[in-house]
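*Asks:* One rule links them: number in my numbering = place in the sequence shown (from 1) + 14.
No residue lacks a Cβ here, since even glycine has one placed at the ideal position from N, Cα and C.
Since this is a predicted model, take the numbers as computed values, not measurements.
Below you'll find the structure I mean.
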Amino acid sequence: MTKDLHGGAVSLDFRADEQGRSRPLTAPIERLIIAGWTGRDVAAMEAHIAELEAIGVKRPKATPLFYRVAATLLTTAPAIEVAGTASSGEVEPVVVSLADGLWIGVGSDHTDRELETVGVTLSKQLCAKPVAPQLWRYAEVEDHWDRLVLRSHAIQGGKRRLYQEGPVAALRTPRELMSRYRPGTDALPPGSVMFCGTLAVMGAIAAAERFEIELEDPVLQRRLRHGYDIAPLPIEG
């Protein structure tokens with residue numbers, strides 16, 4: 015469940031999985047950061063930049079980059095509405111900083127690809143940012159972080175296809191991203207959420223009717239999962 019708070023903040027209801035036990039967790043979020051161009055492997059990151067260049071997106075001025083967008087874009091809802099049919103999702107690890115420490119989730123940096131060719135910052139702001147309604151303690155996965163696996167599926171015309179898959183080892187670690195965003199520390203202020211970057215897609219970037227995301231922990235044998243339907247709204251001019 016999502017609740018809007020005053021001043022552009024939002025409150026999200028999660029299920030927190032701690033050492034195999036699940037409990038409800040309400041997270042007041044005041045700021046949302048989208049980290050882009052976060053690849054550790056220069057060749058893999060270049061592949062993602064190239065696939066975006068192919069649809070008209072300009073190269074980033076630096077890597078990584080950090081885009082601030084409205085916290086109210088965050089949602090755990092099972093569906094989102096978008097303008098037209100030119101948007102698509104990207105599976106990403108998500109860091110949630112709360113008063114009791116750091117948590118890890120999985121989300122989709124859903125983005126309007128047509129507007130992205132005009133300006134990445136603008137495109138980031140246009141679409142809702144779905145996140146799974148479950149979280150793990152970061153401390154429970156930090157020592158085997160590179161073994162976690164990201165995965166997404168796109169469903170279009172009744173056909174489900176693997177859209178992205180690979181280890182989070184392809185991306186910079188959350189600690190490194192947080193330290194680059196806030197030099198001098200490797201954490202975020204409580205009430206912050208950071209999307210930590212994505213993997214290149216399998217094939218071409220494409221819109222879908224439904225998008226499913228997953229973060230797998232093969233060490234502790236568990237998964238964070240979420241799926242959402244994408245409802246296009248008409249563009250009248």
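Just grab the DSSP bridge partners of Leu-149 for me.
*Replies:* Ala-30.
*Asks:* Alpha carbon to alpha carbon, how far is Gly-53 from Ala-76?
*Replies:* Answer to the nearest angstrom: the Cα atoms are 12 Å apart.
*Asks:* Using only alpha-carbon positions, find the residue among Val-56, Ala-146, Gly-119 that is nearest to Gly-241.
*Replies:* Ranking Val-56, Ala-146, Gly-119 by Cα distance to Gly-241 puts Ala-146 first.
*Asks:* Using CA coordinates, which residue listed in Arg-45, Ala-30, Glu-44 is at the minimum distance from Pro-38?
*Replies:* For Pro-38, the nearest C-alpha among the options comes from Ala-30.
*Asks:* Do Thr-99 and Ala-245 have their beta-carbon atoms positioned less than 8 Å apart in this structure?
*Replies:* Not a contact, by the Cβ cut-off of 8 Å.
*Asks:* I'd like to know whether the C-beta atoms of Gly-205 and Ser-111 end up nearer to each other than 8 Å.
*Replies:* Yes.
*Asks:* For Thr-40 and Cys-210, what's the separation of their Cα atoms in angstroms?
*Replies:* So the alpha carbons of these two residues sit roughly 22 Å apart.
*Asks:* Should Lys-238 be labelled buried (16 or more other beta-carbon atoms within 10 Å of its own) or exposed?
*Replies:* In the sequence as presented, Lys is not what sits at residue 238; that position holds Leu. Buried.
*Asks:* Return the residue from the list Val-24, Gly-115, Val-105 that minimises the CA-CA distance to Thr-125.
*Replies:* When only C-alpha atoms are compared, the closest one is Val-105.
*Asks:* Please name the residue or residues paired with Tyr-242 in a DSSP beta bridge.
*Replies:* In the DSSP output, where bridge partners are listed per residue, Tyr-242 has Phe-225.
*Asks:* Specify the secondary structure class of Thr-86 as computed by DSSP and reduced to three states.
*Replies:* It is helical.
*Asks:* Three or more beta-carbon pairs under 8 Å between the segment 132-149 and the segment 82-99, yes or no?
*Replies:* At 8 Å Cβ cutoff, the stretches touch.
*Asks:* By how many angstroms is the C-alpha of Val-233 removed from the C-alpha of Ala-158?
*Replies:* Just to set this straight, residue 158 is His in the shown sequence, not Ala. Between His-158 and Val-233, the C-alpha separation is close to 8 Å.
*Asks:* With the cut-off set at 8 Å, would you say Ile-249 and Ile-69 are in Cβ contact?
*Replies:* No, these two residues do not count as a Cβ contact at 8 Å.
*Asks:* Tell me, to the nearest whole angstrom, how far the beta carbon of Leu-164 is from that of Leu-229; I am working on the premise that it is less than 8 Å.
*Replies:* Contact holds; Cβ gap of about 6 Å.
*Asks:* According to DSSP, Pro-42 sits in a beta bridge with which residue or residues?
*Replies:* Paired residues: Ser-25.
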